[in-house]
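FYI, in the numbering used here the residues of the sequence shown are 4 to 193. Cβ atoms here follow ideal geometry from the backbone N, Cα and C, with glycine treated the same way. Working notes, structure below.
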Amino acid sequence: MNEDINKWIKQINSAPRKIGIFGTGNLSGVAEEYLQGLGIGDYVYFDNDVEKQKAGLFHGRETLDPKRVSEGYFVLISTAQFDAVRRQLEGLGLKELEDYIYVLELEYYDALLHYDTAPRASGINNKMLGQIEKALRQYVDVERAEWFEESGLLAMEKEMGFEEIYHKRHNVRYRRKMMEYYAVDKMLGF
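Here's what the structure looks like:
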(Lines of atoms letter the chains of each structure in order from A; the text may use other names.)
(Lines give C-alpha, C1' and ligand atoms only; values in the text may rest on other atoms or scores of the structure.)
Protein backbone atom coordinates (compact mmCIF):
# COMPACT_ATOMS: atom_id res chain seq x y z
CA MET A 4 0.00 0.00 0.00
CA ASN A 5 1.17 3.56 -0.75
CA GLU A 6 3.92 2.25 -3.03
CA ASP A 7 4.15 5.38 -5.18
CA ILE A 8 4.26 7.89 -2.33
CA ASN A 9 6.75 5.70 -0.44
CA LYS A 10 9.03 5.57 -3.47
CA TRP A 11 8.60 9.35 -3.90
CA ILE A 12 9.64 10.08 -0.31
CA LYS A 13 12.64 7.72 -0.55
CA GLN A 14 13.78 9.47 -3.75
CA ILE A 15 13.47 12.86 -2.10
CA ASN A 16 15.44 11.62 0.89
CA SER A 17 18.27 10.39 -1.35
CA ALA A 18 18.44 13.71 -3.20
CA PRO A 19 20.11 16.82 -1.78
CA ARG A 20 16.80 17.71 -0.12
CA LYS A 21 16.26 16.96 3.54
CA ILE A 22 13.09 15.78 5.26
CA GLY A 23 11.25 17.88 7.84
CA ILE A 24 8.21 17.19 9.98
CA PHE A 25 6.06 20.28 10.54
CA GLY A 26 4.47 20.11 13.96
CA THR A 27 5.56 18.71 17.30
CA GLY A 28 2.13 17.86 18.68
CA ASN A 29 0.24 14.60 18.98
CA LEU A 30 0.32 13.87 15.25
CA SER A 31 4.10 14.09 14.98
CA GLY A 32 4.29 10.45 16.01
CA VAL A 33 2.41 9.46 12.85
CA ALA A 34 5.06 11.14 10.70
CA GLU A 35 7.89 9.65 12.78
CA GLU A 36 6.50 6.12 12.43
CA TYR A 37 5.97 6.60 8.71
CA LEU A 38 9.55 7.75 8.12
CA GLN A 39 10.98 5.03 10.33
CA GLY A 40 8.94 2.46 8.39
CA LEU A 41 10.67 3.71 5.23
CA GLY A 42 14.06 3.43 6.90
CA ILE A 43 14.49 7.21 7.07
CA GLY A 44 16.01 8.36 10.33
CA ASP A 45 17.54 11.69 9.33
CA TYR A 46 14.96 14.47 9.63
CA VAL A 47 14.27 17.70 11.50
CA TYR A 48 11.18 19.34 12.96
CA PHE A 49 9.57 22.65 12.17
CA ASP A 50 7.25 24.39 14.59
CA ASN A 51 5.79 27.89 14.87
CA ASP A 52 6.19 27.80 18.66
CA VAL A 53 9.21 30.00 19.40
CA GLU A 54 9.77 28.26 22.74
CA LYS A 55 10.13 24.90 21.00
CA GLN A 56 12.56 26.48 18.54
CA LYS A 57 14.58 27.91 21.42
CA ALA A 58 14.64 24.52 23.14
CA GLY A 59 16.30 23.33 19.94
CA LEU A 60 15.42 19.65 20.14
CA PHE A 61 12.27 17.58 19.95
CA HIS A 62 12.62 13.82 20.34
CA GLY A 63 16.36 14.33 19.99
CA ARG A 64 16.06 16.17 16.67
CA GLU A 65 16.60 19.76 15.70
CA THR A 66 13.51 22.02 15.85
CA LEU A 67 13.64 24.88 13.36
CA ASP A 68 11.74 28.04 12.50
CA PRO A 69 9.41 27.29 9.55
CA LYS A 70 11.01 30.13 7.59
CA ARG A 71 13.93 27.75 7.07
CA VAL A 72 11.77 25.32 5.09
CA SER A 73 12.89 26.99 1.88
CA GLU A 74 16.46 25.81 2.58
CA GLY A 75 15.80 22.58 0.69
CA TYR A 76 13.38 20.61 2.85
CA PHE A 77 10.51 18.35 1.89
CA VAL A 78 7.88 18.61 4.61
CA LEU A 79 5.49 16.12 6.16
CA ILE A 80 2.78 18.19 7.84
CA SER A 81 1.79 16.50 11.08
CA THR A 82 -0.65 18.89 12.69
CA ALA A 83 -4.42 19.23 12.74
CA GLN A 84 -3.86 22.82 11.58
CA PHE A 85 -3.21 21.62 8.02
CA ASP A 86 -4.93 24.52 6.25
CA ALA A 87 -3.04 27.16 8.22
CA VAL A 88 0.30 25.40 7.68
CA ARG A 89 -0.48 24.89 3.99
CA ARG A 90 -1.13 28.64 3.59
CA GLN A 91 2.09 29.38 5.48
CA LEU A 92 4.15 27.06 3.25
CA GLU A 93 2.53 28.34 0.07
CA GLY A 94 3.35 31.85 1.25
CA LEU A 95 6.97 30.71 1.19
CA GLY A 96 6.54 29.54 -2.40
CA LEU A 97 6.12 25.81 -1.69
CA LYS A 98 3.65 23.55 -3.48
CA GLU A 99 1.63 20.61 -2.26
CA LEU A 100 3.08 17.23 -3.25
CA GLU A 101 6.11 18.87 -4.82
CA ASP A 102 7.34 20.33 -1.52
CA TYR A 103 5.00 19.07 1.21
CA ILE A 104 2.28 16.56 2.03
CA TYR A 105 -0.13 15.96 4.88
CA VAL A 106 0.93 12.77 6.62
CA LEU A 107 -2.64 11.64 7.32
CA GLU A 108 -3.50 11.62 3.61
CA LEU A 109 -0.85 9.30 2.24
CA GLU A 110 -3.45 7.36 0.22
CA TYR A 111 -4.52 10.59 -1.50
CA TYR A 112 -0.94 11.45 -2.52
CA ASP A 113 -0.27 7.88 -3.54
CA ALA A 114 -3.23 8.08 -5.94
CA LEU A 115 -2.00 11.42 -7.32
CA LEU A 116 1.38 9.89 -8.10
CA HIS A 117 -0.02 6.61 -9.39
CA TYR A 118 -2.46 8.35 -11.74
CA ASP A 119 -0.20 11.28 -12.53
CA THR A 120 -1.59 11.83 -16.04
CA ALA A 121 -5.26 11.70 -14.98
CA PRO A 122 -7.22 14.95 -14.85
CA ARG A 123 -7.48 16.49 -11.40
CA ALA A 124 -10.21 18.42 -9.68
CA SER A 125 -8.92 21.55 -8.02
CA GLY A 126 -10.29 22.83 -4.76
CA ILE A 127 -13.69 24.39 -5.44
CA ASN A 128 -15.26 27.07 -3.32
CA ASN A 129 -18.80 28.51 -3.41
CA LYS A 130 -17.79 31.42 -5.65
CA MET A 131 -16.33 29.01 -8.21
CA LEU A 132 -19.47 26.85 -8.05
CA GLY A 133 -21.57 29.92 -8.76
CA GLN A 134 -19.45 30.75 -11.80
CA ILE A 135 -19.73 27.18 -13.08
CA GLU A 136 -23.49 27.23 -12.59
CA LYS A 137 -23.78 30.57 -14.40
CA ALA A 138 -21.76 29.25 -17.36
CA LEU A 139 -23.83 26.05 -17.52
CA ARG A 140 -27.09 28.03 -17.55
CA GLN A 141 -26.10 29.38 -20.96
CA TYR A 142 -26.45 25.87 -22.42
CA VAL A 143 -28.74 23.82 -20.19
CA ASP A 144 -31.42 24.19 -17.56
CA VAL A 145 -29.70 23.96 -14.18
CA GLU A 146 -31.79 22.78 -11.27
CA ARG A 147 -30.84 22.38 -7.66
CA ALA A 148 -30.64 18.79 -6.48
CA GLU A 149 -33.82 18.21 -4.50
CA TRP A 150 -32.56 14.86 -3.26
CA PHE A 151 -29.82 16.25 -1.03
CA GLU A 152 -30.49 16.09 2.69
CA GLU A 153 -27.85 16.76 5.32
CA SER A 154 -29.44 14.15 7.57
CA GLY A 155 -29.11 11.58 4.77
CA LEU A 156 -25.45 12.43 4.31
CA LEU A 157 -24.81 12.07 8.04
CA ALA A 158 -26.69 8.76 8.18
CA MET A 159 -24.65 7.37 5.27
CA GLU A 160 -21.44 8.58 6.89
CA LYS A 161 -22.27 6.77 10.12
CA GLU A 162 -23.57 3.61 8.43
CA MET A 163 -20.47 3.22 6.25
CA GLY A 164 -17.97 4.11 9.01
CA PHE A 165 -16.35 6.84 6.91
CA GLU A 166 -15.36 8.97 9.91
CA GLU A 167 -12.66 6.54 10.90
CA ILE A 168 -11.67 5.37 7.43
CA TYR A 169 -11.07 8.90 6.14
CA HIS A 170 -9.81 10.47 9.41
CA LYS A 171 -12.67 12.99 9.69
CA ARG A 172 -11.02 15.18 12.33
CA HIS A 173 -7.86 15.71 10.30
CA ASN A 174 -8.81 15.21 6.65
CA VAL A 175 -9.14 18.50 4.79
CA ARG A 176 -10.86 16.76 1.90
CA TYR A 177 -13.31 14.78 4.05
CA ARG A 178 -16.52 16.71 3.33
CA ARG A 179 -15.82 16.73 -0.39
CA LYS A 180 -15.19 12.96 -0.41
CA MET A 181 -18.39 12.34 1.57
CA MET A 182 -20.40 14.46 -0.86
CA GLU A 183 -18.99 12.46 -3.79
CA TYR A 184 -20.07 9.16 -2.21
CA TYR A 185 -23.46 10.54 -1.26
CA ALA A 186 -24.10 11.97 -4.75
CA VAL A 187 -23.13 8.70 -6.44
CA ASP A 188 -25.35 6.76 -4.05
CA LYS A 189 -28.35 9.04 -4.67
CA MET A 190 -27.91 9.47 -8.41
CA LEU A 191 -26.99 5.88 -9.30
CA GLY A 192 -28.77 4.07 -6.52
CA PHE A 193 -25.86 2.18 -4.99
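Original post:
Apart from the five residues just before and just after residue 56, which ones in its own chain have a Cβ nearer than 7 angstroms to its Cβ?
Top reply: The residues are 50, 66, 67 and 68.
Original post:
When you compare each of 137, 149, 29 and 81 to residue 190 by their alpha carbons, which one comes out closest?
Top reply: By alpha-carbon distance to residue 190, the top candidate from 137, 149, 29 and 81 is 149.
Original post:
Buried or exposed: residue 31, going by 16 or more other Cβ atoms within 10 Å of its Cβ?
Top reply: Under this definition residue 31 is a buried residue.
**OP:** Counting only the same chain and skipping the five closest in sequence on each side, list residues whose C-beta sits under 7 angstroms from that of residue 5.
**Re:** Setting aside the 5 residues that flank it on each side, residue 5 is surrounded in the same chain by 109, 110 and 113, each with a C-beta closer than 7 angstroms to its C-beta; the list follows chain order.
Subject >> Cβ-based burial, residue 60 [other Cβ within 10 Å; buried from 16] >> reply: Counting Cβ neighbours within 10 Å, residue 60 comes out exposed, since fewer than 16 surround it.
Subject >> residue 85: first and last residue of the uninterrupted alpha helix (DSSP H) it sits in >> reply: Looking at the DSSP string, the run of the alpha helix (DSSP H) that includes residue 85 is 85 to 94.
Original post:
Quick check: the region 12 to 23 against the region 90 to 99, are there 3 or more CB pairs under 8 angstroms?
Top reply: Under the three-pair Cβ rule at 8 angstroms, the region 12 to 23 does not count as touching the region 90 to 99.
Original post:
Whose C-beta lies closer than 7 angstroms to the C-beta of residue 165 among residues of the same chain, with five residues either side of it excluded?
Top reply: Cβ within range, chain order: 181.
**OP:** Could you tell me the distance, in whole angstroms, from the CA atom of residue 2 to the CA atom of residue 188?
**Re:** Residue 2 lies beyond the residue range present for the chain, which begins at 4 and ends at 193; the question has no answer from this structure.
Original post:
In angstroms, rounded to a whole number, what distance separates the CA positions of residue 33 and residue 192?
Top reply: When rounded, the distance between both Cα atoms is 37 angstroms.
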